[in-house]
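Protein chains: 2
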Amino acid sequence: MFKVTPWEVEGKIDYEKLIKQFGVRKIDEKLEKKIEKIAGKNYMLERKIFFTHRDLDKIVNDYENRKEIYLYTGRGPSGGTHLGHLLPWFFTKYLQDGFKSKLLFQITDDEKFLFKENLSFEDIGKYTKENMLDIIALGFDPKKTRIIIDTKNIKELYPLAIKIAKKITFSTVKAVFGFNNETNIGRIFFTSMQAAPAFLLSEEKNKKIRCLIPCGIDQDPHFRIARDVAEKLDYPKPALVHCKFLPSLQGEGKMSASQKDNTIYTSDSPEEVKRKIMNAFTGGRATIKEQREKGGEPEKCPVFAYYYFFFEKDNKKLEAIRRECKSGKRICGECKAELIERINSFLKEHQKKREKAKDKVKEFLEQ
Amino acid sequence: MFKVTPWEVEGKIDYEKLIKQFGVRKIDEKLEKKIEKIAGKNYMLERKIFFTHRDLDKIVNDYENRKEIYLYTGRGPSGGTHLGHLLPWFFTKYLQDGFKSKLLFQITDDEKFLFKENLSFEDIGKYTKENMLDIIALGFDPKKTRIIIDTKNIKELYPLAIKIAKKITFSTVKAVFGFNNETNIGRIFFTSMQAAPAFLLSEEKNKKIRCLIPCGIDQDPHFRIARDVAEKLDYPKPALVHCKFLPSLQGEGKMSASQKDNTIYTSDSPEEVKRKIMNAFTGGRATIKEQREKGGEPEKCPVFAYYYFFFEKDNKKLEAIRRECKSGKRICGECKAELIERINSFLKEHQKKREKAKDKVKEFLEQ
């Protein structure tokens, strides 16, 4: 049993089932090669961390035909940034660099206010600032990247959001998101705000510009609606490319900010990282003796997942880790120690860039 | 049979029934006297054109106790301004002058876009400009009056609107407005935008300031919801004072912009006014002979209603007209001719003020 909605990801996700449920397409080899030709190789593509899409082929065609395209992704500022958030952002940067395209980065502070019962505007404002630093730290091109904060940039978004809202009935959001009579009317309206950036550049330039949305597969329902609306408003349907979730350190479901200890935050200290990784679930055996004999189970292991998703980008080296684990040569303790070192070394650099990002915020907001 | 909702007024309205249906209170003599003591006499109060309220007594108390209060009214820019629109605005000006209070005047351009299937943003923008000139022409104090256009002032309104929206469920708007599964999600959200100005000053000043909303009785449902939300957000409940509708020149229901010929627009030429009034339904008899014998029926007559609501503010003179009509002395033709003259004389002045208003728009928007 698993559940994937834009606001809840639970259980062990069966991605094959999800593909059928959502009606998305796998990225096939031909498409992968075309993207690589434009943007270069990327381990997330190769490993099928980014694994499904809608109309990604059309984006590639547009690019090949020298038509303008743009990227749109986002963040709901309900807490600090964790490593799982960074994956689609890194991939977005890879696409931005490769396709040399504009990027709209939406911060849905309104969403988090409406969907989190106990989160105040003040908290959300604080997380918005924090999250922006992480985004900027990844090195997006400030000349091509515009951060949109819903409540701050509402003047651009709202006229478009109500055009969109006019084309969506309660039936639709009820069916797609499972809303009911007790759902608050802000939540009911919200998907229009999420859809707006998918058409914003077309609207501003009065020209049909297709947009590509890299996002977690859980966000797909919003854009299924947006794609239906696109036709009604005569905009190009937004294309999507979806990623899987970095597993929780407890090994099930998506890394969630509500379980602070199962998650590495970008602001974590080396000690916190150490504690969290040392406490992580693994694919190891009950005793070292048993592990030496039978080998570990990397396919079940969140520590291995961290190498796979993030901390070992070299395929050969990753295979070596897998082999060592399965053969019983690599024991969880040393494997964890190595991961801790890699995470801390990454975070040390990231935290420096995050500090420097403080001076750049304005550039990203003013575009 | 009649129907009164914020978007539809149909049939011959039974105001006594409406009072029970909506659960509003009549303005009693004691309250009327208190208002007169503060703001002076007003024919709309005396004639019970403004006839019901919610918590108007609390506004009076606040004023007497030197607590700040403010006024809030609005306009949905779905067409030109007609005489029926002016009545509550004149009354609002009377209250502003008397209570020396601030006024927020909301232009709900988003509402009209969401509720009128075939109205474009361009049309609505044009009507917004036109309507503002009529508002400003009435002489509101620019130092105390702030015109809020929803899509333009959305940055102030939206954060408050989503606080409000978070407290309203689909059940509520379904029950109050008769929405269903096919209602678009913009309409579902809209009542939060309508409620926002009722709390905006409290929010901005971080202080509990009670607001009084003069409006047509049809707008009451929005504010019933707003009053419920007020408690949940710890704002004072907005007070209301409601007016009846200037009848259509055909004698039934509210003057409606969809029946252009049953309505006098502020931009009408003397010829148009003449044509419309000459074509109006009256309380007259089939023949002049019969009318001389039996007298007319002013209580059924939209021409008389125009005197009553607007063009004869002197009670004694109004009574004289009624008497002359009922006795058969006053015949429809001459009564209409006199009304035409009064309307045209009013419009001539109004249109001049409307021209001058063009230079003042900025003052009202910038506050």
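Residue numbers (the numbering used here), protein chains in the order written: chain V, 41 to 407; chain B, 41 to 407. Quick reminder that beta carbons are idealized off the backbone N, C-alpha and C, glycines included.
*Taking any Cβ of chain B, which residues in the segment 208–224 of chain V have a Cβ under 9 Å from it, in chain order?*
I208, T209, F210, S211, T212, V213, K214, F219, N220, N221, E222, T223, N224
*asked:* My parser needs the beta strand (DSSP E) runs of 3 or more residues fully inside the segment 318–382 of chain V; what are they?
replied: none
_DSSP-derived helix/strand/coil call for V:L123_ = helix
*Range of the contiguous beta strand (DSSP E) that encloses V:A236*: That residue, V:A236, is in no beta strand (DSSP E); it is neither H nor E in DSSP.
_B:K66 - DSSP class collapsed to helix/strand/coil_ = strand
*Can the beta-carbon of V:L24 be found closer than 8 Å to that of V:L273?*
With chain V running from 41 to 407 in the structure shown, residue 24 of chain V is simply not present.
*Sub-8 Å separation of B:T168 and B:C255 beta-carbons*: no
*asked:* Within a Cβ cutoff of 6 Å, which residues of the same chain sit near V:S141, ignoring the five residues on either side of it in sequence?
replied: I109, Y110, L111
*Measure the C-alpha to C-alpha separation of B:F263 and B:A235 and round it to an integer number of angstroms.*
7 Å
*Looking at chain V, which residues of the segment 153–175 of chain B have a Cβ within less than 8 Å of any of its Cβ atoms?*
F153, L154, F161
*Within the 8 Å Cβ cut-off, does V:A37 reach chain B?*
No answer is possible for residue 37 of chain V: it lies beyond the span of chain V, which begins at 41 and ends at 407.
*Closer than 9 Å by beta-carbon distance: list the chain V residues that pair up with B:D150, in chain order.*
Y198, P199, I202
*Residues of the segment 226–237 of chain B whose Cβ lies closer than 7 Å to any Cβ of chain V, in chain order*: G226, I228, F229, S232
_is_contact[V:T185, chain B] using C-beta, thresh 8 Å_ = no
_Closer than 8 Å to chain V by CB, B:I78_ = no
*Could you say which of V:I383, V:S367, V:I371, V:K334 lies nearest to V:E409 if we only look at CA atoms?*
Here chain V covers residues 41 to 407 and nothing more, so residue 409 of chain V does not appear.
*asked:* Given this structure, state the Cα-to-Cα distance separating V:Y134 from V:N246, to the nearest angstrom.
replied: 27 Å
*Do B:I208 and B:T231 come within 8 Å of each other at the CB atom, strictly closer than that value?*
yes
*Please check if any C-beta of chain V sits within less than 8 Å of the C-beta of B:I194.*
yes
*Straight-line gap, V:E86 to B:I188 (C-alpha atoms, nearest Å)*: 53 Å
_Cβ distance (whole Å) where V:G226 is taken to contact B:A205 below 8 Å_ = 3 Å
_Pair within 8 Å by beta-carbon distance, V:A266 and V:P276_ = no
*Measuring only between beta-carbons, confirm whether B:W47 sits less than 8 Å from chain V.*
no
_Just verifying my parser: in three-state terms, what is the DSSP assignment at B:G51?_
strand
_Distance between B:I253 and B:Q136 (C-alpha atoms, nearest Å)_ = 11 Å
*Do the CB positions of B:I257 and B:L123 come within less than 8 Å of each other?*
no
*Per DSSP, the bridge partner or partners of V:Y110*: V:K142, V:C251
*Pairing CB atoms from the segment 370–379 of chain V with CB atoms from the segment 331–345 of chain V, are three or more of them under 8 Å?*
yes
*What is the rounded straight-line gap between the Cα of V:G116 and the Cα of V:I147?*
6 Å
*Since B:K191 meets chain V, which of its residues come closer than 9 Å, beta carbon to beta carbon?*
Correcting the residue type first, residue 191 of chain B is Thr in the shown sequence and not Lys. Here the neighbours are K195, Y198, P199, I202.
*For B:K43, which of helix, strand or coil comes out of DSSP?*
strand
*Looking at C-alpha atoms only, which residue of B:F153, B:E157, B:P182, B:T212 is the closest neighbour of V:Y198?*
B:F153
*Reduced DSSP secondary structure (H/G/I, E/B, other) of V:N246*: coil
_Using CA atoms only, rank isn't needed, just tell me which of B:E170, B:K340, B:C375, B:A326 is closest to B:K52._
B:K340
*asked:* Using CA atoms only, rank isn't needed, just tell me which of V:L358, V:R250, V:V44, V:N319 is closest to V:Q61.
replied: V:V44
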